[in-house]
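First the structure, in the form of structure tokens, and then the observations on it.
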Amino acid sequence: MGNTHREHLKGYFKLYCAPTESHFAELINGMLNFEDDGIFKSTDGLSIKAVGNPQNLLNFYDNTGSQNPAWKLQLKPTAVQPAATVKPGFSISDGQGPVGSRLFINKTNGYIGIGTGSPKGKLDIADVLYFDLDQSGNKSINFANADGKYGEPAKITYHGVGGTSHLSLVGAGTTGKTISFFDHVNVHGNLAVTKQASIEGGLRVTGSADIQEVLYIGHNGQQTISFVEDGQGIKEAISYKEGKTDYALNLYGAESAKGNTKEIRLYDNVEVSGRLAVKGEVIRKLTVVTRTKDKIEIEKPQASQVVSNRSITFHKSHCDTVIRVIYFDNMEMNGQSYFGPREIRLILFVDGKESPKIIKKWHSNMLKGFSTPVFMYGYLEGMNEIKDYTIKLKMEIPKGYHIIDSVSFGLDSAQWTMEVQEVLLPKT
């Protein structure tokens, strides 16, 4: 196309003027030619043919004296990325050097790229995120990492395939992926957390928060975290209560196997910065021996002897605790006379130690063939070493009592029990 103004060209062809060859050349160059200029108007509208390697269509200039166009329309974006990734499409670039496409529409799949000429999904915002369908056909928003790559992207996925419908959030990072919520989070409905949730600020659930079916938050409208057991109702709870003069955080333990006590167990180290007030006894360890049909008959008992098979071995885990022992059995004594006092002294002691001991005197005026229950309970103090201990039962016959022919421990159809508890007694 020529650069001569039309009014100047008209002057060459006025009445009585003789146009020269150069005048006709300027006139022809001032016309549009599709083969030379790549543009013409047809019944389908204005047609433009792309030229050059990036297949430029249009250049937009701020003014005619500008060296570089302000914007470019291309059928293939400038290849700042590897050439193999550049696909045909409609591209708008700023024309200020090889900066790639500012807006690109892929001809093959219709993907739209903002700041990229090779969009990864339906909509790709370079180095930020892209929208696409995952391998299962679910709609997904994928976020780029700090370096602008998508190796292990954080993403939001709407699962609407396979009969389910829910929204999932995947945290950033290769390991230990994290999702952080700041300020308040309002959940209108149910909240299910299958792993770990860290919330900075507040979490408000107007429905229920069910975490693996074992934890409820704000149960029964109270400031409470409640635990359930096998779907049978509330068993333990942590609650915040406001009294008239103080504020307290309360922990309610789980029911024991017997169902008559509640227990709270703390493992490893526990640090208390304020004052710890212990009401009652704190049980740290429990060892129980229970046997059935374990009858022992001792003929001509000695004045002092250990009762075999009536012992328990345990490991003491702490140096500042005492040992509580509970022993239950059945006994029978037989002597030369059916009547008259008989006495046996029963002693629970630690093997290899002279003290401490638990002593119980047991009297019987019963006839031969009858047994009575025996129950012993007490504390063994002074055992400060952390190691294994064995508690045994010993019987003694005091001098001056009737001669005892035999002593029996246990019954053929009954149980005997020896129980050891490692406890921390409250200081008085």
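All residue numbers for the sequence shown refer to full-length UniProt numbering, where the first residue is 1 and numbers rise by one.
Beta carbons are placed, not taken as given, at the ideal position from N, Cα and C, and that holds for glycine.
Beta-carbon proximity of residue 448 to I312, cut-off 9 Å
In the structure as shown, the chain starts at 1 and stops at 428, and residue 448 therefore has no counterpart that could be examined.
Report yes or no: is there a C-beta of chain C within less than 9 Å of the C-beta of I179?
Of the protein chains in this structure there is only one, and it is not chain C.
Leaving out five residues on either side along the sequence, give the residues of the same chain with a beta carbon under 8 Å from the beta carbon of R345.
Start at 1 with the first residue of the sequence shown, and residue 345 comes out as number 345. Same-chain partners within the cutoff: I359, K360, K361, W362, M395, E396, I397, P398.
Output the boundary residues of the beta strand (DSSP E) element that contains K10.
Residue 10 sits at position 10 when you count from the first residue of the sequence shown. Not the beta strand (DSSP E): K10 falls in the alpha helix (DSSP H), residues 6–10.
Just verifying my parser: in three-state terms, what is the DSSP assignment at L27?
To locate residue 27, count along the sequence shown from 1; it is residue 27. Here L27 sits in helix by DSSP.
Which of the three DSSP states is assigned to S304 in this structure?
Here residue 304 is taken as the residue at index 304 of the sequence shown, counted from 1. Of the three classes helix, strand and coil, the one that applies to S304 here is strand, per DSSP.
Neighbourhood of G189 by C-beta, 7 Å cutoff - its chain only, sequence neighbours within 5 removed
Counted from its first residue, the sequence shown places residue 189 at position 189. Cβ within range, chain order: G207.
Beta-carbon proximity check, D124 vs G113, cutoff 9 Å
As a first step, residue 124 is located in the sequence shown; it is residue number 124 there, counting from the start. As a first step, residue 113 is located in the sequence shown; it is residue number 113 there, counting from the start. Cβ atoms of D124 and G113: closer than 9 Å.
Quick one: residues in its chain with C-beta nearer than 8 Å to the C-beta of Y61, no 5 flanking neighbours on either side, listed in chain order?
What you label residue 61 is simply residue 61 of the sequence shown in a count that begins at 1. Hits under 8 Å: P69, A70.
I need the DSSP call for S180, collapsed to helix, strand or coil.
Residue mapping note: residue 180 aligns to position 180 of the sequence shown, counting from 1. In the structure shown, S180 sits in a strand (DSSP, three-state: E or B).
Within its chain, find whatever has a CB closer than 8 Å to the CB of T38; leave out the 5 residues flanking it on each side and keep chain order.
Residue numbering aside, residue 38 sits at position 38 when the sequence shown is read from its first letter. The question names Thr, but residue 38 in the sequence shown is Gly. So the qualifying residues of the chain are I48, K49, A50, V51.
Under 8 Å by Cβ, that's how I've got residue 431 and K76 pegged, so tell me the actual separation to the nearest angstrom.
The structure shown does not extend to residue 431, since the chain spans only 1 to 428, so no value can be given for it.
Using a threshold of 9 Å, state whether the C-beta atoms of D405 and K295 are closer than that.
Here the question's residue 405 lines up with position 405 in the sequence shown. Here the question's residue 295 lines up with position 295 in the sequence shown. Result no, Cβ atoms of D405 and K295 do not sit closer than 9 Å.
Going along the chain, which residues of its own chain have a beta-carbon closer than 6 Å to the beta-carbon of D351, five neighbours each way excluded?
As a first step, residue 351 is located in the sequence shown; it is residue number 351 there, counting from the start. The residues are T390, K392.
From N109, S91, Y111, residue whose alpha carbon lies closest to that of L103
To locate residue 103, count along the sequence shown from 1; it is residue 103. Nearest of N109, S91, Y111 to L103, Cα basis: S91.
What runs of the beta strand (DSSP E), each 3 residues or longer, lie entirely inside the region 88–161?
89–93, 103–106, 112–114, 123–125, 129–133, 139–143, 154–159
Tell me whether the beta-carbon of I141 lies closer than 9 Å to the beta-carbon of T116.
As a working note, residue 141 is residue 141 in the sequence shown. As a working note, residue 116 is residue 116 in the sequence shown. Cβ atoms of I141 and T116: not closer than 9 Å.
Tell me which residues share the same chain as P119 and place their Cβ nearer than 8 Å to its Cβ, disregarding the 5 neighbours each side in the sequence.
To locate residue 119, count along the sequence shown from 1; it is residue 119. Cβ neighbours of P119 beyond the five flanking positions: F104, N106, Y111, I112, G113, Y130.
Out of M418, I323, A414, L27, which one is the CA nearest neighbour of D388?
On the sequence shown, residue 388 is found 388 positions in, with the first residue counted as 1. For D388, the nearest C-alpha among the options comes from I323.
Please name the residue, chosen from I225, Y379, L348, that lies closest to S308 on a Cα-to-Cα basis.
Position 308 of the sequence shown, counting from 1, holds the residue named residue 308. Of I225, Y379, L348, the residue nearest in Cα terms is L348.
List, from N- to C-terminal side, the beta strand (DSSP E) runs of 3 residues or more that fit wholly inside the region 343–415.
357–364, 372–380, 388–396, 404–409
Cα-Cα separation, N365 to V374
To locate residue 365, count along the sequence shown from 1; it is residue 365. To locate residue 374, count along the sequence shown from 1; it is residue 374. Residue placement at N365 is poorly supported in this model, since its pLDDT is 49, which falls under 50; the coordinates still yield a value, given next. Distance between the alpha carbons of N365 and V374 is about 15 Å.
At the level of alpha carbons, what is the spacing between K155 and D44?
Taking the sequence shown and counting its residues from 1, the one referred to as residue 155 is at position 155. Taking the sequence shown and counting its residues from 1, the one referred to as residue 44 is at position 44. Distance between the alpha carbons of K155 and D44: 45 Å.
To which residues does DSSP link E271 through a beta bridge?
Position 271 of the sequence shown, counted from the first residue, corresponds to residue 271. None; E271 has no bridge partner.
N- and C-terminal bounds of the alpha helix (DSSP H) containing F34:
Within the sequence shown, the letter at position 34 stands for residue 34. Looking at the DSSP string, the run of the alpha helix (DSSP H) that includes F34 is 34–37.
Mapping the DSSP letters down to three states, classify S168 as helix, strand or coil.
Residue numbering aside, residue 168 sits at position 168 when the sequence shown is read from its first letter. The answer is strand: DSSP assigns S168 an E or B state.
Which listed residue (H315, Y379, T108, N330) has its alpha carbon closest to that of I386:
Here residue 386 refers to the residue found at position 386 of the sequence shown. Here the closest residue by C-alpha is H315.
For N384, tell me which candidate among C319, S408, E354, D268 has the shortest Cα-Cα distance.
Residue mapping note: residue 384 aligns to position 384 of the sequence shown, counting from 1. It is C319.
Using DSSP with H/G/I as helix, E/B as strand and the rest coil, what is S22?
On the sequence shown, residue 22 is found 22 positions in, with the first residue counted as 1. In the structure shown, S22 sits in a helix (DSSP, three-state: H, G or I).
For F34, does the count of other Cβ atoms within 10 angstroms reach 16, so buried, or fall short, so exposed?
Counted from its first residue, the sequence shown places residue 34 at position 34. Its Cβ having fewer than 16 others within 10 Å, F34 is exposed.
Determine the closest residue to L251 out of N330, I225, E271, G30, with distance taken between C-alpha atoms.
In the sequence shown, counting from the first residue as 1, residue 251 sits at position 251. Checked all of N330, I225, E271, G30; the closest Cα to L251 is I225.
For the beta strand (DSSP E) holding N56, just list the boundary residues, first then last.
The residue you call residue 56 lines up with position 56 of the sequence shown. That run of the beta strand (DSSP E) goes 56–60.
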